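S.K.: One structure follows; several queries about it will come next.
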Amino acid sequence: YALTPGNPKWKRNNLTYRILNYTPEMRRADVDEAIQKALRVWSNVTPLTFQKVEDGEADIMMSFVYGDHRDYSPFDGPGGMLAHAFQPGEGIGGDVHFDEDETWTKDGTGTNLFIVAAHELGHSLGLSHSNDPGALMYPTYSYTDPKEFLLPQDDIDGIQAIYGQSDAAVQPTGPVTPQPCDPSLTFDAITTLRGETIFFKGRYMLRKHPSRAETELNFISLFWPKLPSGIQAAYENVERDEVLFFKEDKYWVLRGYDIAPGYPKPIYRLGFPKTVKRVNAAYSDETTGKTYFFTADRYWRYDENKRSMDHGYPKKIVSHFGKIGRVDAAFQKDGYVYFFHGTTQFQFDPRAKRIVGQMKSISWFNC
Amino acid sequence: FPVAPEAEDERKTPKLVESYLQNFYDLQIDHQPRLRSTGENHLSAKLKEMQEFFGLQVNGKPDLDTLEMMQKPRCGVPDIGQ
Chain S
294 YALTPGNPKW
304 KRNNLTYRIL
314 NYTPEMRRAD
324 VDEAIQKALR
334 VWSNVTPLTF
344 QKVEDGEADI
354 MMSFVYGDHR
364 DYSPFDGPGG
374 MLAHAFQPGE
384 GIGGDVHFDE
394 DETWTKDGTG
404 TNLFIVAAHE
414 LGHSLGLSHS
424 NDPGALMYPT
434 YSYTDPKEFL
444 LPQDDIDGIQ
454 AIYGQSDAAV
464 QPTGPVTPQP
474 CDPSLTFDAI
484 TTLRGETIFF
494 KGRYMLRKHP
504 SRAETELNFI
514 SLFWPKLPSG
524 IQAAYENVER
534 DEVLFFKEDK
544 YWVLRGYDIA
554 PGYPKPIYRL
564 GFPKTVKRVN
574 AAYSDETTGK
584 TYFFTADRYW
594 RYDENKRSMD
604 HGYPKKIVSH
614 FGKIGRVDAA
624 FQKDGYVYFF
634 HGTTQFQFDP
644 RAKRIVGQMK
654 SISWFNC
Chain D
7 FPVAPEAEDE
17 RKTPKLVESY
27 LQNFYDLQID
37 HQPRLRSTGE
47 NHLSAKLKEM
57 QEFFGLQVNG
67 KPDLDTLEMM
77 QKPRCGVPDI
87 GQ
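Here is the structure:
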């Protein structure tokens, strides 16, 4: 995180805000809700409180304005600059301006007002831009479903460096942006995708292309806005050029690079009994057309040709996969299956039916 | 979705680069003619500053990754203190 040069801050913890005008693209109640939620992002982790006022001068004045709005920082029409805010201080200090040329929405169909407001309020409170790509205070816009939003730890550290911790007995913590070479990094799910390998972690995906040395870090929502964060399992069906993503009792199908219409669907359509609430990991053996699903300490086998679960399952993972007891993530590549549990990775040879290697989970990132 | 090629883009996009660096990296454009260059090109230095901030390859050139970053919607507050 970075503080605004000169470390400006509000001298009081009880601040006022006023919404001077409303964008016509959203219902007033939705604007109010987005702004209140954005303020709660910061008040939840600090001693700050925010009170709405309807008249007069508030500490933080918010408005929707077009182009040149007489603060020497004109907006630029649709796209580009979305909004800006002023550091803590008298007069224009703390104020937030939203570019009315944007299409403001309460969801992800346009520019999400909550996400942008939460970012701008960080400036109003004394934060500058962070170079952590997962931070709320990162300068570029990326959509996160407001229902899933958690203030990243980088932003919590930044705002608490200015105002201190909240008065709550239990201090909230936030997600940390995954670093490919962090030896403590674990994964939620992994899949191949047309020759690339995609590692899922929280709301991020780490993308490893075989011909590129570096690993690309992206939000899942950047490529697939319909997918939730926290994907729990994924596998590629090379034959059908599909990838299936799993979270809780739902799954989505990616055809080519696009999520197929009609998803998510319940995992029970694949033949799981209702007792199965989620899938921890999956991989598909392209030579046999069999897909293996891992749930807790058991696995299921699915026949991609018959499109049904094979009989006689589930079985204990240890009964077939050696000392591997539980699996966080798995994928098949070049004839081997790679199983991930915590920071450990097992290389399994399905022909010999034994583990032939054990590595750190981050071994794919050229660290 | 396909990854961008790693080769640098030689397309001329001076307007985008200049306006981005003016807005967010305090680039001062000096249109006065000069007899000789004095040290490193100011625009290149600002590009490096921007590339370093965003974790891009720091080469002082408007390559594809840099241009892509410049075209993303963003907050209007500069990335460096003014």
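Just so you know, the protein sequences line up as chains S and D, in that order.
Just remember that our numbering sits 293 ahead of the position in the first sequence, which is counted from 1.
Just remember that our numbering sits 6 ahead of the position in the second sequence, which is counted from 1.
Just so it is clear, CB atoms sit at the ideal spot from N, CA and C, and this is done for glycine as well.
None of the values given here were measured: they were computed from a predicted structure.
#1: Can you list the beta strand (DSSP E) stretches of 3 or more residues lying completely in the region 614-647 of chain S, in chain order?
#2: Determine the DSSP secondary structure at Ser25/D, reduced to helix, strand or coil.
#3: Would you kindly work out how many angstroms separate the C-alpha atoms of Leu547/S and Gln57/D, rounded to a whole number?
#4: Mapping DSSP to helix, strand and coil, what is Ile35/D?
#5: Between the region 480-494 of chain S and the region 401-414 of chain S, are three or more C-beta pairs nearer than 8 Å?
#6: Hey, would you say Phe641/S sits closer than 7 Å to Val620/S, going by beta carbons?
#7: Buried or exposed, going by whether 16 or more other CB atoms sit within 10 Å of the CB of Glu347/S?
#8: Name the residue from Phe639/S, His613/S, Gly582/S and Thr437/S whose alpha carbon lies nearest to the alpha carbon of Ser601/S.
#9: Using the Cβ count rule (16 or more neighbours within 10 Å means buried), how would you classify Tyr561/S?
#10: Which residues mark the beginning and the end of the alpha helix (DSSP H) in which Ser336/S is found?
#11: Under 7 Å, Cβ to Cβ, is there at least one residue of chain D near Tyr365/S?
#12: Please compile the residues from chain D whose C-beta is within a distance smaller than 8 Å of the C-beta of Pro432/S.
#13: Apart from the five residues on each side of it in sequence, which residues of its chain come closer than 7 Å, Cβ to Cβ, to Phe480/S?
#14: List the residues of chain S that Gly66/D touches, going by C-beta distances under 7 Å, in chain order.
#15: For Phe538/S, write down the residues that DSSP places opposite it in a beta bridge.
#16: Please tell me whether Asp425/S and Thr466/S are closer than 7 Å, where the distance is taken between their beta carbons.
#17: Pick helix, strand or coil for His604/S, following the three-state DSSP scheme.
#18: Between the region 375-395 of chain S and the region 299-312 of chain S, are three or more C-beta pairs nearer than 8 Å?
#19: Determine, using beta carbons only, whether Gly650/S comes closer than 7 Å to chain D.
#20: If you measure from the beta carbon of Gly372/S to each beta carbon in chain D, is any gap under 7 Å?
#21: I'd like to know if the region 329-348 of chain S and the region 363-379 of chain S are in contact, where contact means that at least 3 CB-CB pairs between them fall below 8 Å.
#22: Among Ser514/S, Tyr592/S and His502/S, whose alpha-carbon lies nearest the alpha-carbon of Ser657/S?
#23: Listing by chain order, which chain D residues have their CB less than 9 Å from the CB of Leu444/S?
#24: Once the 5 residues before and after Pro432/S are set aside, which same chain residues still bring their CB inside 6 Å of it?
#25: Do Phe407/S and Ala331/S come within 7 Å of each other at the CB atom, strictly closer than that value?
#26: With 7 Å set as the bound, which would you pick, yes or no: does the beta-carbon of Leu375/S sit closer than that to a beta-carbon of chain D?
#27: Buried or exposed: which applies to Leu308/S, given that a residue is buried once 16 or more other Cβ atoms fall within 10 Å of its Cβ?
#28: By alpha-carbon positions, which one of Glu509/S, Asp590/S, Pro566/S and Lys567/S ends up nearest to Ala574/S?
#29: Cutting at 8 Å between CB atoms, please list the residues of its own chain near Lys626/S, excluding the five before and the five after it.
M.R.: Taking the coordinates as given:
#1: 622-626, 629-634 and 637-642, all fully within the region 614-647 of chain S.
#2: The residue given as residue 25/D occupies position 19 in the second sequence. Helix.
#3: Stepping through the first sequence from its first residue, residue 547/S is reached at position 254. Stepping through the second sequence from its first residue, residue 57/D is reached at position 51. Between Leu547/S and Gln57/D, the C-alpha separation is close to 33 Å.
#4: Within the second sequence, numbered from 1, the residue matching residue 35/D stands at position 29. Three-state result, Ile35/D: coil.
#5: Touching, no.
#6: Sequence index remark: in the first sequence, residue 641/S carries index 348 (1-based). Sequence index remark: in the first sequence, residue 620/S carries index 327 (1-based). Judged by their CB atoms, Phe641/S and Val620/S are not nearer to each other than the 7 Å cut-off.
#7: Translated into the one-based positions of the first sequence, residue 347/S becomes position 54. Flag for Glu347/S reads exposed.
#8: The residue you call residue 601/S lines up with position 308 of the first sequence. When C-alpha distances from Ser601/S are compared across Phe639/S, His613/S, Gly582/S and Thr437/S, the shortest belongs to Gly582/S.
#9: For the purposes of this step, residue 561/S is taken as the residue at position 268 of the first sequence. Around the beta carbon of Tyr561/S, a 10 Å sphere encloses fewer than 16 other beta carbons of the protein chains shown; the residue is thus reported as exposed.
#10: Position 43 of the first sequence, counted from the start, is the residue given in the question as residue 336/S. First-last of the alpha helix (DSSP H) with Ser336/S: Arg321 to Ser336.
#11: Within the first sequence, numbered from 1, the residue matching residue 365/S stands at position 72. Taking 7 Å as the threshold, the shortest C-beta distance from Tyr365/S to chain D does not fall below it.
#12: Here the question's residue 432/S lines up with position 139 in the first sequence. Annotation: Cβ neighbours of Pro432/S in chain D (cutoff 8 Å, chain order): Phe30, Arg80, Cys81, Val83 and Asp85.
#13: Indexing the first sequence from 1 puts residue 480/S at position 187. Around Phe480/S: Phe492, Phe493, Lys494, Asp621, Ala622, Phe633 and Ser654.
#14: Mapped onto the second sequence, residue 66/D falls at position 60. Those within 7 Å of Gly66/D in chain S number zero; the least Cβ separation is about 18 Å.
#15: For the purposes of this step, residue 538/S is identified with residue 245 of the first sequence, where counting begins at 1. According to DSSP, which records beta bridges pairwise, Phe538/S is partnered with Ala527/S and Trp545/S.
#16: As a working note, residue 425/S is residue 132 in the first sequence. As a working note, residue 466/S is residue 173 in the first sequence. Contact annotation: Asp425/S and Thr466/S have beta-carbon atoms that are not nearer than 7 Å.
#17: Numbered from 1 along the first sequence, position 311 holds the residue referred to as residue 604/S. His604/S falls in the coil class under three-state DSSP.
#18: Yes: the two stretches touch, three or more of their Cβ pairs being nearer than 8 Å.
#19: Against the first sequence, residue 650/S aligns to sequence position 357. Cβ-Cβ to chain D under 7 Å: no for Gly650/S.
#20: Sequence index remark: in the first sequence, residue 372/S carries index 79 (1-based). So yes, Gly372/S belongs to the interface.
#21: Contact between the region 329-348 of chain S and the region 363-379 of chain S is not established, with fewer than three Cβ pairs separated by less than 8 Å.
#22: Sequence index remark: in the first sequence, residue 657/S carries index 364 (1-based). Note that residue 657/S is Trp in the sequence shown, not Ser. If we check each option's Cα against that of Trp657/S, His502/S comes out closest.
#23: Stepping through the first sequence from its first residue, residue 444/S is reached at position 151. Within 9 Å Cβ-Cβ: nothing; Leu444/S doesn't reach chain D, min ~16 Å.
#24: Here residue 432/S refers to the residue found at position 139 when the first sequence is read from its first residue. Exclusion of the five residues before and after Pro432/S leaves His422 as the residues of its chain whose Cβ lies within less than 6 Å of its Cβ.
#25: The sequence position of residue 331/S within the first sequence is 38, counting from 1. The sequence position of residue 407/S within the first sequence is 114, counting from 1. Yes; because the gap between Cβ atoms is below 7 Å, this pair is in contact.
#26: Within the first sequence, the letter at position 82 stands for residue 375/S. Output row for Leu375/S: interface = yes.
#27: Residue 308/S sits at position 15 when you count from the first residue of the first sequence. Counting C-beta atoms within 10 angstroms of its own C-beta, Leu308/S has 16 or more neighbours from the protein chains shown and is therefore classed as buried.
#28: Translated into positions along the first sequence, residue 574/S becomes position 281. For the residues Glu509/S, Asp590/S, Pro566/S and Lys567/S, the minimum Cα distance to Ala574/S belongs to Asp590/S.
#29: Position 333 of the first sequence, counted from the first residue, corresponds to residue 626/S. Residues of the same chain with a CB within less than 8 Å of the CB of Lys626/S, apart from the 5 flanking positions on each side, are Thr485 and Thr490 in chain order.
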